[in-house]
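In the working numbering, the protein residues as written are 2 to 314. Ideal placement from N, C-alpha and C gives every residue a C-beta, glycine not left out. Being a predicted model, the structure only gives us computed values, none of them experimental. Contents: one structure, followed by commentary.
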Amino acid sequence: MPTLADVAALAGVSKATASRALGRPDLAAPETVARVRAAAEQLGFVPNRAATQLARGRTGVVALVVPTLDNTFFTPIIGGAQGRAADSGMQLTIAVHSLEHAAQVAAVEQLAHQVDGFLLTAPRGSDEIVRAAASFKPTVLIDREIEGMTSAVADTATAFGTLVTRFAEMGHERIVYIGGPAGSWQDRQRQAAIRAAAGSSGATLTMLGPYPSTFAAGVETAEAVVAARATAVVPYATSIGLGLMFALLHRGIRDVVVSSERMIVDSLGLGDVPAIDVDGEKLGEVAMDQLMTLLGERKEPSPARRRLTVPIS
Numbered sequence: 002m003p004t005l006a007d008v009a010a011l012a013g014v015s016k017a018t019a020s021r022a023l024g025r026p027d028l029a030a031p032e033t034v035a036r037v038r039a040a041a042e043q044l045g046f047v048p049n050r051a052a053t054q055l056a057r058g059r060t061g062v063v064a065l066v067v068p069t070l071d072n073t074f075f076t077p078i079i080g081g082a083q084g085r086a087a088d089s090g091m092q093l094t095i096a097v098h099s100l101e102h103a104a105q106v107a108a109v110e111q112l113a114h115q116v117d118g119f120l121l122t123a124p125r126g127s128d129e130i131v132r133a134a135a136s137f138k139p140t141v142l143i144d145r146e147i148e149g150m151t152s153a154v155a156d157t158a159t160a161f162g163t164l165v166t167r168f169a170e171m172g173h174e175r176i177v178y179i180g181g182p183a184g185s186w187q188d189r190q191r192q193a194a195i196r197a198a199a200g201s202s203g204a205t206l207t208m209l210g211p212y213p214s215t216f217a218a219g220v221e222t223a224e225a226v227v228a229a230r231a232t233a234v235v236p237y238a239t240s241i242g243l244g245l246m247f248a249l250l251h252r253g254i255r256d257v258v259v260s261s262e263r264m265i266v267d268s269l270g271l272g273d274v275p276a277i278d279v280d281g282e283k284l285g286e287v288a289m290d291q292l293m294t295l296l297g298e299r300k301e302p303s304p305a306r307r308r309l310t311v312p313i314s
């Protein structure tokens, strides 16, 4: 098996120069890089990525921090981020920290010694706690924005506002919004957009919550939804909506429209119900591209803030 020394000898350069040309081509002359790469290809030499990362003071690992594994919203984000990390020869590890309490910052600091950067999903922690957690390594914030931080967000607030307008245009005069977890950044954005849309459309809006993003929480909301005499409901999360649908059907109530994802609307045969679909995989890919830019692994620039449009179908 050819070694780095073999490549260096064939290219007529030192072993250190060959290593630099393969691992950090931006630090070597273009003609040297071309000569070393040609020698490596001729010999069939494959660089050891881990060794290259260690030589650069890197681990080759990045961490995606999520507040829970119970919410399936994070699953496609993990998949998209992992795929993009692999494209850059990096490994992705998952850590569960809600970052709602200052004491959890210490756990992130400890993890920082083992990774090169972070993707943070911290919907409920204060700005101060999130900033502290992001201070240890290059960090991209997912589905939340904080001034001065690189972030990737699915613009669900605009989509939820449009959804309320759509319901009003369909003739729904009493609409309920079931809010998400207490302190959620996205929930605050959605509430503001929904209130504005309801005010413009003239629909009567009832706000419920906060609730955790669980099926059980949706079941719990059924009584309040019925009391509000709602004809359309916009739940913060799919799991809440499914719980509510189950509870309403159990009561024999079939004339309340509950928004959901297109796959669920079609699978349950709900008919002409507007649906919101967040491309979580794309969100994970975009966030990882931003992190790779911060780490110097991508030459293409990535905007410090990305807002992904969320379609309604």
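The bridge partners DSSP lists for Q92 are V62. The alpha-carbon separation between A123 and P304 amounts to approximately 20 Å.
In this structure, D267 keeps its C-beta atom at 8 Å or more from the C-beta atom of Y237. Counting C-beta pairs with one atom in each stretch, the region 199-210 and the region 128-148 have fewer than three that are closer than 8 Å, which means they do not touch.
Inclusion of A288 and V62 in the CB contact set at 8 Å is not warranted, their separation being larger than that value. Counting along the chain, the unbroken beta strand (DSSP E) around L120 starts and ends at G118 to L121. Taking 8 Å as the cut-off, the beta carbon of V37 is found closer than this to the beta carbon of V8. In the DSSP assignment, L142 falls outside any alpha helix (DSSP H) and lies within the beta strand (DSSP E) extending over T140 to I143. Under DSSP, I277 takes part in a beta bridge, and its partners are I313.
I147 carries a coil assignment under DSSP once its states are collapsed to helix, strand and coil. In this model, S99 and A22 are separated by some 41 Å (Cα to Cα). F75 and A12 have their alpha carbons spaced roughly 47 Å apart. Going by DSSP, I241 is part of the alpha helix (DSSP H) stretching over T239 to H251. Looking from the CA of L245, the closest CA among K16, Y178 and T163 belongs to Y178. About 15 Å separates the Cβ atoms of I195 and V258, ruling out a contact at the 8 Å cut-off.
Each of A183, L269 and F247 was checked against the Cα of A217, and the nearest Cα belongs to F247. In this structure, A19 sits near L5, with a CB-CB distance shorter than 8 Å.
Closest in C-alpha terms to T159, from the list V311, R252 and M2, comes V311.
Nearest C-alpha to R191 among M208, G203, R175 and A204: M208.
In the structure shown, I179 adopts extended strand secondary structure according to DSSP, grouped into three states.
Runs of the alpha helix (DSSP H) spanning 4 or more residues and lying entirely within the region 181-224 occur at 186-202, in chain order. For the options S240, S89 and T232, the alpha carbon positioned closest to that of M171 is the one of T232. Per the C-alpha coordinates, the member of M264, V279 and V227 positioned closest to R255 is V227. Between L309 and L292 a beta carbon distance of about 16 Å is seen, past the 8 Å cut, so the two are scored as non-contacting.
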